[in-house]
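Numbering (numbering that gives the first Met the number 0), first residue to last: 0 to 154.
By construction, the Cβ of each residue, glycine as well, lies at the ideal position given by its N, Cα and C atoms.
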Amino acid sequence: MAALPGVADQLARHVGDFDFDKALALLPAVTAAEARPALPETDPDVFDFDRMGPVYKWDMVRLKPVLAAFIDDASAKVARLGGGDPATLRDIAHALKGTANTAGATRLGRLAADVENAAIAGNAEALSMLLPLLPATLDELTAALAPILSATGAP
0 MAALPGVADQ LARHVGDFDF DKALALLPAV TAAEARPALP ETDPDVFDFD RMGPVYKWDM
60 VRLKPVLAAF IDDASAKVAR LGGGDPATLR DIAHALKGTA NTAGATRLGR LAADVENAAI
120 AGNAEALSML LPLLPATLDE LTAALAPILS ATGAP
């Protein structure tokens, strides 16, 4: 409470009285815009930092390894989507869709969803058009995140 001199006792009293509105009113407001660090400009369709940034409270030291692990995982999944039976393609595409959408890789997530749907439908023609797009989409994402992943420390 050193950052709130003279407020600690009031805060404790309000919390003890279960008057959380008054307690919260004593705390300095920090908006997402204030907490958001300067980040490289990225097409939000390629990568939306606002998807995971607030979850990690914009702590880029914690977020950077998560993003690196996501890229590694997505790379492995894309490599496995090079071929195979529709059931396997469906399962891998479904997993890629989930991790990509969770991370904020919107374009990759949509493409993985399209691959999943084509695999479910058994549409070999659609799969032959969609699967070759995955490596380029992943490369675009990796390039967009490169400034963050190659940075030493917070951006």
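| request: State buried or exposed for Gly108, treating a residue as buried only when at least 16 other CB atoms are found within 10 Å of its CB. | output: buried
| request: Classify Pro64 as helix, strand or coil using the three-state DSSP reduction. | output: helix
| message | Can you tell me whether Asn116 is helix, strand or coil according to DSSP? | response | helix
| query | Rounded to whole angstroms, how far is the Cβ of Ile147 from the Cβ of Pro39, which I believe are closer than 8 Å? | reply | 7 Å
| said: Can you list, in chain order, the residues of its chain with a C-beta nearer than 7 Å to that of Leu132? Leave out the 5 residues immediately preceding and following it. | reply: Leu110
| message | Just to check my reading of the structure: Leu140 and Val45 have Cβ atoms closer than 8 Å, yes? What is that Cβ distance to the nearest angstrom? | response | 6 Å
| message | Judging by CA-CA distance, which residue of Val77, Pro53, Thr41, Thr98 is the nearest neighbour of Phe69? | response | Thr98
| field | Short Cβ contact (8 Å threshold) for Arg50 with Ala102 | value | yes
| task | Evaluate Thr87 with the Cβ neighbour count: other Cβ atoms within 10 Å of its Cβ, from every protein chain shown; 16 or more gives buried, anything less gives exposed. | result | exposed
| message | Quick check on DSSP: helix, strand or coil for Ala145? | response | Ala145: helix per DSSP, three-state reduction.
| said: Assuming Glu157 is part of the alpha helix (DSSP H), what are its boundary residues? | reply: Given a span of 0 to 154 for the chain in the structure shown, any question on residue 157 remains unanswerable.
| field | Asn100: first and last residue of the uninterrupted alpha helix (DSSP H) it sits in | value | 85-102
| query | For Leu66, which residues from the same chain have a beta carbon less than 8 Å from its beta carbon, with the 5 sequence-adjacent residues on both sides left out? | reply | Once the five neighbours on either side are set aside, the close Cβ partners of Leu66 are Met51, Ala102, Leu144, Ile147, Leu148.
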